[in-house]
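Structure record follows, encoded as structure tokens.
Chains as they are written, first to last, in the UniProt record's numbering: chain V, 1 to 112; chain R, 1 to 112.
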């Protein structure tokens with residue numbers, strides 16, 4: 001699956017930078033216009049725009065321009081590829097714990 | 001939480017490399033000695049050892065030497081910091097879907 005691995009590469013590289021991760025954390029709450037997104041960061045606007053471009057290229061964010069105002073959003077499902085990969089890395093012990101959990105839920109359903 | 005962010009930085013940087021990610025994928029199945037771990041990769045042993053050092057510094061793998069043989073394992077809970085961060089990035093819509101799911105499970109428990 002080269003596409004899956006390329007996507008994962010891009011997402012992990014984008015998230016390995018603390019500024020870009022902070023932008024994703026901020027956008028997970030709700031979309032923001034570029035100026036308010038830039039406000040908390042001690043860097044010039046062109047530097048922040050470059051970070052936004054990396055996030056956009058990695059498929060993590062999308063942006064839309066209305067008049068002179070650009071609004072940036074977290075792309076729905078942006079982090080799915082990372083969820084998927086993490087799920088695949090569950091060790092045999094963790095998988096066994098998962099199965100035990102499912103078994104206990106089935107045989108001892110929670111009382112409500 | 002600077003420690004949490006430093007850990008996350010190191011883990012994401014380590015995983016952004018396809019070779020290192022392939023090593024983690026391999027070790028999630030079971031531990032391996034260095035020579036068998038190196039076998040599938042088209043690179044000299046010192047290069048692979050350098051990747052292993054990055055993974056070890058990021059707290060993703062541990063290794064133990066018995067005589068002349070070094071065995072490498074995925075550290076239990078190695079990827080927890082990434083699971084935690086991903087969980088925190090759930091958007092309001094996803095959180096609402098979670099709550100709806102919990103509500104439906106409670107009001108319509110699965111028939112067994």
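No residue lacks a Cβ here, since even glycine has one placed at the ideal position from N, Cα and C.
- Listed in chain order, the alpha helix (DSSP H) runs fully inside the UniProt domain "HTH arsR-type" (1–94) of chain R are 2–15, 18–29, 34–38, 45–57, 80–88, counting runs of at least 4 residues.
- Cβ proximity to chain R below 9 Å picks out 74, 76, 78, 79, 82, 83, 85, 86, 88, 89, 90, 91, 92, 93, 94 from the stretch 73–103 of chain V.
- Counting only the Cα atoms, residue 85/R lies some 19 Å from residue 99/R.
- Within chain R, no residue has its CB atom less than 8 Å from the CB of residue 108/V, the nearest being about 11 Å off.
- With distances taken between CA atoms, residue 6/R lies nearest to 57/R out of 89/R, 57/R, 61/R.
- Note that the C-beta distance between residue 15/V and residue 24/V is below 8 Å.
- Contacts with chain V at 8 Å (Cβ-Cβ) include residue 13/R.
- Taking 8 Å as the upper bound for CB-CB distance, residue 37/R and residue 26/R are in contact here, some 7 Å apart.
- For the 8 Å CB-CB criterion, residue 70/V and residue 59/V do not form a contact.
- Residue 79/R and residue 89/V do touch by the CB rule: their CB atoms are close to 6 Å apart, below 8 Å.
- With its beta carbon less than 8 Å from one in chain R, residue 25/V belongs to the interface.
- Annotation: Cβ neighbours of residue 18/R in chain V (cutoff 8 Å, chain order): 5, 9.
- Apart from the 5 residues on each side of it in sequence, residue 63/V sits with its Cβ closer than 6 Å to the Cβ of 70, 72 in its chain, given in chain order.
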